[in-house]
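**Q** When you line the first sequence up against the UniProt record's numbering, it's residues 1 to 618, in that order. In this text, a Cβ means the ideal position worked out from N, Cα and C, and glycines have one as well.
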Amino acid sequence: MNQLCLHLLNQCKTLKTVDHIHACLLKTGLFSDPYIFGKLLHHCSVTISDSLDYATRLFLHYPNPNVFMYNTLIRGFSESPRPQNSITTFIEMRRESSLFSSVSPYSFTFAFLLKAAANYGSLMTECGRVDFSMKVFDEMLEPNVVAWNAAVTVCFRGGDLESSERLFESMPFKDSTSWNLMLAGYAKAGEMEMVRKVFSEMEVKDDVSWSSMITALTQNGCFYEVFSVFMDLQRLGLRPNEVSLTGVLSACAQAGTFEFGRVVHGFVEKSRFSWIILVNNTLIDMYSKCGYVAMARLVLETMPATKNIVSWTSMIAGLAMHGHGEEVIQLLHEMEESGIKPDRITFVPVLYACSHAGLIEQGHECFSKMKNVYNIEPSIEHYGCMVDLYGRAGDVRKAYEFICQMPVPPNDIIWRTLLGACSIHGNVELAEQVKERLSELCLTDSGDYVLLSNVYAVAGKWNNVETIRCGEKQNNITKEAYDKLREIMLKLKVEGGYVPEVVGSVLHHVEDEEKEDSVTKHNEKLAVAFGMAKLCKGRRLWYEIEVAFTLSRMVLAHAEITGENIEHNVKLNERKSWLLNSCNGTRLLKSNPCRNVEEYADDILKIIWMLEAERRKM
DNA sequence: ATAGGGTTAG
């Protein structure tokens, strides 16, 4: 009878059927059996959704609930909208449990309380969370390894690295989880030397260890190490799990190593992982960022897993970064029709696409739809897109007014967007104002000088251009890149008759080489130049690998030149994939599967040229 | 007797 009831209970998927079993248990008298009741309570508070109230009522009517029952309810509350109830239940439990046996009930309780504290969010500060959790931990008589691990996690989450280390050292016993969470903790803190140390000192590496290591390296930008660890894993005959695959694909996306990503995709296709949504979503992102937006689309359309908001948003972002504005709008509609509501993240690439494709009306519509239909409060990024929308369309005044009425204070990115618009449309007066605002924020970078000098160049104010150029700080790396750039430009001019044109109207005024020089210093060109200067000459490599490596170098080179953070790198990454995917560019690179670096470099130059031509059209 | 801690995309 016991077994039958338990079996039936396990089959229950809704509150209604559970109620049926409840009645059955009452009739047979099994209801008072603590084991059976515990199972019933667990089912209502953990397994079935929306039945926590029911579980609470059951609990309140049960005389002398045992530790398991308390823990079960605490767990139920920890993942409910009111995690505070976990704490109050715990306080209740502690009052009662003093009567209980010597067995510490807290080893299980602790983990649930930790979850409750973590889900407390805005109601409890980070500090309060740590204090509370550690108080509970200290109360435990003989914490087991799980409790120790949870305590270490608490310290890491509170940002207290030293306490984590201290706890880890004083643990009477460590299991692989203990090591894994140290690795992840160091990774989150950016302590890569410690991450490597922990990984090498681990005696037993389970699949979480491997995937944590891969994730750690990916999150800290050590992409080539990701690939080598991934290959080590396979060399040892181990199977990667979905987290490792996601990490590797994310590294491919960020480093632009399409070649590696494609191999991983092949593996995914032939495995059970193609049913995992996480992996599919990362594939979409990888293909988009590597410039293969059609491949990304193919993944979206053929994935066996059910598409979620991330799948749609990744695809929209992919289309957006390649300038396919109309398709972005269309995909947004498809997404809405499929019953998935776009969120604040979705609208960033949507608005970005509108501004870049010049879809003024649609951009406007989307912005108000976001606010009025979906009740999403615009963030600084959304506002930034709108500034770009007006600015790019030539209405720099409107963009400026828009900034002034924003409910959030404008940051450097907003001002730089406007400065960019001024440089396209040649508004010297406003550009100088904006430059002033940037200086007030103390966030100017070398790119701002380039933009401002472009504004002057557009207006034909060559003396100002010169002043800025001289004031610009140049280190050895930038100098190296500038030298190479000069060489490239010369080559383009001599061999291709290329005249650098940044903006339409300037060109009439471009007369001598010096002036030309000052309007051609765009970051991505500098990065390409730097990457090429560093290329080992005369090597013969398969063209796609070469493309990938060079483009990755561009990202690194860009970071080295400007000392900028990863956000800028990602932006460069987007531009780079756009460059690669530009129809002519792709055809050019694919026309000759094998060539030496010198020839290949020529093609890069041609692509820069085409990129420039695209710019002119905008 | 029942459960718990560690890696996870846009």
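Based on Cα-Cα distance, which residue from E381, S423, A393 lies nearest to P409?
**A** Closest by alpha carbon: E381.
**Q** Ends of the alpha helix (DSSP H) at N372?
**A** Residues 360-372.
**Q** According to the neighbour-count rule (16 or more other Cβ atoms, all chains shown, within 10 Å of its Cβ), is M231 buried or exposed?
**A** M231 is exposed by the Cβ-count criterion.
**Q** Along the chain, where does the alpha helix (DSSP H) that runs through G391 open and close?
**A** From DSSP, the alpha helix (DSSP H) with G391 extends over 380-392.
**Q** Could you tell me whether the segment 25-39 touches the segment 47-56, where touching means 3 or more Cβ pairs closer than 8 Å?
**A** Flag = no, the segment 25-39 and the segment 47-56 do not touch.
**Q** With 16 other CB atoms within 10 Å as the buried threshold, where does W578 fall?
**A** Residue placement at W578 is flagged as unreliable, the pLDDT there being 43, under the threshold of 50; a coordinate-derived value is accordingly withheld.
**Q** Apply the 10 Å Cβ neighbour rule to H20 and answer buried if 16 or more other Cβ atoms are within range, or exposed otherwise.
**A** It counts as exposed.
**Q** Could you tell me how far apart the beta carbons of Y287 and V279 are, in whole angstroms, since I believe they sit closer than 8 Å?
**A** Contact flag wrong, Cβ pair sits at about 13 Å.
**Q** Which residue spans inside the segment 161-203 form an unbroken alpha helix (DSSP H) run of at least 4?
**A** Fully enclosed alpha helix (DSSP H) runs of 4 or longer: 161-170, 176-188, 192-201.
**Q** Based on Cα-Cα distance, which residue from F173, L181, A116, G128 lies nearest to V152?
**A** For V152, the nearest C-alpha among the options comes from L181.
**Q** Considering just the uninterrupted stretch of the alpha helix (DSSP H) at F77, what are its terminal residues?
**A** Element bounds for F77: 67-78.
**Q** Kindly indicate the opening and closing residues of the alpha helix (DSSP H) around S49.
**A** Per DSSP, S49 belongs to no alpha helix (DSSP H) and is neither H nor E.
**Q** To the nearest angstrom, how far is it from the Cα of A184 to the Cα of G221?
**A** When rounded, the distance between both Cα atoms is 15 Å.
**Q** With a 10 Å radius around its C-beta and 16 neighbouring C-beta atoms as the bar for buried, classify N427 as buried or exposed.
**A** Buried, because 16 or more other Cβ atoms sit within 10 Å of the Cβ of N427.
**Q** With M134 as the anchor, note down where its alpha helix (DSSP H) starts and where it stops.
**A** Where M134 is concerned, the enclosing alpha helix (DSSP H) stretches over 126-139.
**Q** Counting beta carbon pairs with one atom in the segment 347-357 and one in the segment 315-323, are three or more of them shorter than 8 Å?
**A** Judged by Cβ distances under 8 Å, the segment 315-323 makes contact with the segment 347-357, as three or more pairs qualify.
**Q** Name the residue from L141, H42, G256 whose alpha carbon lies nearest to the alpha carbon of Y224.
**A** It is G256 whose Cα lies nearest to the Cα of Y224.
**Q** Under the three-state reduction of DSSP, which class applies to G426: helix, strand or coil?
**A** Residue state, collapsed to three classes: coil.
**Q** Do the CB positions of residue 627 and R397 come within less than 8 Å of each other?
**A** Outside the displayed range of the chain (1 to 618) lies residue 627, so it cannot be described from this structure.
**Q** For T72, count the other beta carbons within 10 Å of its own beta carbon; 16 or more makes it buried, fewer makes it exposed. Which is it?
**A** So T72 ends up on the buried side.
**Q** Going by C-alpha to C-alpha distance, which of M406, P407, C404, R437 sits closest to L419?
**A** Answer by Cα proximity: R437.
**Q** Suppose contacts are defined by Cβ-Cβ distances below 8 Å. Is F199 in contact with M213 by that definition?
**A** Going by C-beta atoms, F199 is nearer than 8 Å to M213.
**Q** By the 10 Å Cβ neighbour count, where 16 or more other Cβ atoms means buried, how is K27 classified, buried or exposed?
**A** Burial call: exposed.
**Q** If you run the structure through DSSP and keep just helix, strand and coil, what is E436?
**A** In the structure shown, E436 sits in a helix (DSSP, three-state: H, G or I).
**Q** Could you tell me which of K115, P378, L233, R95 sits nearest to V154, measuring between CA atoms?
**A** Comparing Cα positions, the closest option is K115.
**Q** Alpha carbon to alpha carbon, what distance is there between V243 and V455?
**A** Between V455 and V243, the C-alpha separation is close to 47 Å.
**Q** Report all residues from its chain with a CB closer than 7 Å to the CB of N241; omit the five preceding and five following residues, and keep chain order.
**A** For N241, where only same-chain residues beyond five positions count, the Cβ hits under 7 Å are D207, S211.
**Q** What is the C-beta distance between I284 and A296, in whole angstroms, given that I count them as a contact (C-beta under 8 Å)?
**A** About 5 Å separates the two Cβ atoms, so the contact holds.
**Q** Smallest Cα separation from T109: which of M69, N375, D131?
**A** Of the listed residues, the one whose Cα sits closest to T109 is M69.
**Q** Starting from I403, trace the alpha helix (DSSP H) both ways and give me its first and last residue.
**A** Unbroken alpha helix (DSSP H) run through I403: 396-404.
**Q** Taking the CB atoms as reference points, tell me whether H22 and L40 lie closer together than 8 Å.
**A** Contact flag set, yes.
**Q** Helix, strand or coil: which one does DSSP assign to K341?
**A** Three-state result, K341: coil.
**Q** Pull up the distance between the alpha-carbon of N464 and that of C422, whole angstroms please.
**A** Their backbone Cα atoms lie some 16 Å apart in a straight line.
**Q** For the alpha helix (DSSP H) that H22 lies in, which residues bound it at each end?
**A** 15-28 is the span of the alpha helix (DSSP H), which, as asked, contains H22.
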